[in-house]
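Chemist:
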Amino acid sequence: MDIGVLTVPLGGESRADAFEYLAGIGVETVELGVGGYPGQDHTDREALLADEDARETLRADLDEHDLRVSALATHNNPLHPDEETAVAADRELREAVELADEFEVDTVTCFSGLPAGGPNDEVPNWVTAPWPTEHAEAEAYQWEVAEDYWSDLAAHADYHGVDLAIEMHPNMLVYEPHGMLKLRELTNERVGANFDPSHLYWQGIDATEAIRVLGENDAIHHVHAKDTKVYESQSREKGVLDTTDYADSENRSWLFRSVGYGHGEAHWKDVVSTLRMVGYDGALSIEHEDALTSSREGMEKAVDLLKRARFETTPGDAYWAE
Numbered sequence: 008m009d010i011g012v013l014t015v016p017l018g019g020e021s022r023a024d025a026f027e028y029l030a031g032i033g034v035e036t037v038e039l040g041v042g043g044y045p046g047q048d049h050t051d052r053e054a055l056l057a058d059e060d061a062r063e064t065l066r067a068d069l070d071e072h073d074l075r076v077s078a079l080a081t082h083n084n085p086l087h088p089d090e091e092t093a094v095a096a097d098r099e100l101r102e103a104v105e106l107a108d109e110f111e112v113d114t115v116t117c118f119s120g121l122p123a124g125g126p127n128d129e130v131p132n133w134v135t136a137p138w139p140t141e142h143a144e145a146e147a148y149q150w151e152v153a154e155d156y157w158s159d160l161a162a163h164a165d166y167h168g169v170d171l172a173i174e175m176h177p178n179m180l181v182y183e184p185h186g187m188l189k190l191r192e193l194t195n196e197r198v199g200a201n202f203d204p205s206h207l208y209w210q211g212i213d214a215t216e217a218i219r220v221l222g223e224n225d226a227i228h229h230v231h232a233k234d235t236k237v238y239e240s241q242s243r244e245k246g247v248l249d250t251t252d253y254a255d256s257e258n259r260s261w262l263f264r265s266v267g268y269g270h271g272e273a274h275w276k277d278v279v280s281t282l283r284m285v286g287y288d289g290a291l292s293i294e295h296e297d298a299l300t301s302s303r304e305g306m307e308k309a310v311d312l313l314k315r316a317r318f319e320t321t322p323g324d325a326y327w328a329e
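Residue numbers for the sequence shown, in our numbering: 8 to 329.
1. Taking the alpha-carbon of residue 226 as reference, which of 109, 66, 195, 232 has the nearest alpha-carbon?
2. Where do the N-terminal and C-terminal ends of the alpha helix (DSSP H) with residue 302 fall, by residue?
3. Alpha carbon to alpha carbon, how far is residue 33 from residue 295?
4. For residue 124, tell me which candidate among 146, 113, 37 has the shortest Cα-Cα distance.
5. Could you give the DSSP three-state label for residue 258: helix, strand or coil?
6. Helix, strand or coil: which one does DSSP assign to residue 236?
7. Less than 7 Å between the C-beta atoms of residue 188 and residue 153, yes or no?
8. Which residue's Cα is closest to the Cα of residue 150: 234, 63, 14, 192?
9. What first and last residue would you give for the beta strand (DSSP E) that runs through residue 38?
10. On the three-state DSSP scale, how would you describe residue 186?
11. I'd like to confirm the pairing. Which residues does DSSP put opposite residue 201 in its beta bridges?
12. Among 291, 306, 105, 41, which one has its Cα closest to the Cα of residue 160?
13. Along the chain, where does the beta strand (DSSP E) that runs through residue 292 open and close?
14. Starting from residue 142, trace the alpha helix (DSSP H) both ways and give me its first and last residue.
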């Protein structure tokens with residue numbers, strides 16, 4: 008498995024400086040933002056689509072630092088009830104798929120999006136319980152919207168030979184493994200997971216069990232290496248559905264943490280081993296969102312731990328079983 012980084016934390020630096028730094032700390036792949044919440048500081052999606060010279064320049068920058076692209080990233084809400092917002096998100100996603108094809112990148116990371124609770128609502132609605140029954144009815148409506156949209160987008164991705172790797176994220180329709188598999192079943196095999204355990208930890212989902220569930224369905228297209236720590240002194244009082252500002256770290260029930268600071272090295276070795284069990288051999292793309300340390304320190308500590316956790320060779324024959 009390759010050690011990678013989602014380059015968003017380095018968006019204030021030039022692409023050349025970001026690539027030089029990442030290569031210097033042992034990073035092998037980059038996940039490049041091309042729209043939505045990740046932005047596109049290092050990769051102007053429209054310019055790259057329009058100009059082969061721009062694509063060649065990016066290839067040269069990557070080659071100079073011996074880096075490869077694990078995925079293009081555009082996380083947004085193409086199911087938003089505001090038409091302008093949805094259209095912009097849809098355009099970003101479709102163009103990201105087209106750019107991935109042009110650039111011979113096989114994955115685009117994204118969100119499922121979240122519709123409103125009904126055709127006349129104005130804001131997205133994350134349903135977390137089936138009662139009162141209007142909530143169950145709202146969720147049923149949302150899945151109808153999602154099936155229609157994602158079936159078409161999945162066909163677009165299939166035409167271009169690109170996988171859509173959805174990050175299971177609360178406040179999106181797909182936020183846990185069973186929802187992920189449902190959307191995959193409703194569409195095609197281009198739709199799968201960008202497996203990010205950080206959002207699963209605070210929901211009480213076992214990361215390695217989730218890997219097994221998704222892996223047995225060949226539904227893991229990409230992986231984010233990102234940790235979360237649940238602070239029981241807070242969660243015992245108010246649970247984990249916590250709307251406290253992320254900057255108010257001491258009062259939150261949970262925080263995103265650098266790899267190894269929510270779960271120890273042994274756990275991350277288990278995550279890597281379970282990924283290997285289910286046949287995943289792609290990037291471990293570090294996403295830094297730890298409020299308690301700088302981006303550089305968080306990424307460097309994550310790289311250090313993942314270097315020890317990953318395997319660099321393929322398994323040999325099980326001679327001991329002969």
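Glycine included, each C-beta is placed from N, C-alpha and C at the ideal position.
Everything numeric in this text was worked out from a predicted model, so none of it was measured.
Modeler: Quick look at the numbers:
1. Start at 1 with the first residue of the sequence shown, and residue 226 comes out as number 219. Among 109, 66, 195, 232, the Cα nearest to that of residue 226 is on 195.
2. If you number the sequence shown from 1, residue 302 lands on position 295. Start and end: 302 to 316.
3. Position 26 of the sequence shown, counted from the first residue, corresponds to residue 33. Position 288 of the sequence shown, counted from the first residue, corresponds to residue 295. Their Cα atoms are separated by approximately 16 Å.
4. Within the sequence shown, residue 124 is the residue found at index 117, counting from 1. Closest by alpha carbon: 146.
5. Sequence index remark: in the sequence shown, residue 258 carries index 251 (1-based). Of the three classes helix, strand and coil, the one that applies to residue 258 here is helix, per DSSP.
6. As a working note, residue 236 is residue 229 in the sequence shown. Residue state, collapsed to three classes: strand.
7. Taking the first residue of the sequence shown as position 1, residue 188 is located at position 181. Taking the first residue of the sequence shown as position 1, residue 153 is located at position 146. Cβ distance not < 7 Å, so residue 188 and residue 153 don't count as in contact.
8. Along the sequence shown, one-based indexing puts residue 150 at 143. It is 192 whose Cα lies nearest to the Cα of residue 150.
9. On the sequence shown, residue 38 is found 31 positions in, with the first residue counted as 1. Residues 36 to 43.
10. Working through the sequence shown from its first residue, we reach residue 186 at position 179. Helix, per DSSP.
11. In the sequence shown, residue 201 corresponds to position 194, counting from 1. DSSP lists 229 as partners of residue 201.
12. For the purposes of this step, residue 160 is identified with residue 153 of the sequence shown, where counting begins at 1. Among 291, 306, 105, 41, the Cα nearest to that of residue 160 belongs to 105.
13. As a first step, residue 292 must be located in the sequence shown, where it is residue number 285. Per DSSP, residue 292 belongs to the beta strand (DSSP E) from 290 to 293.
14. By 1-based counting over the sequence shown, the position of residue 142 is 135. 140 to 167 is the extent of the alpha helix (DSSP H) around residue 142.
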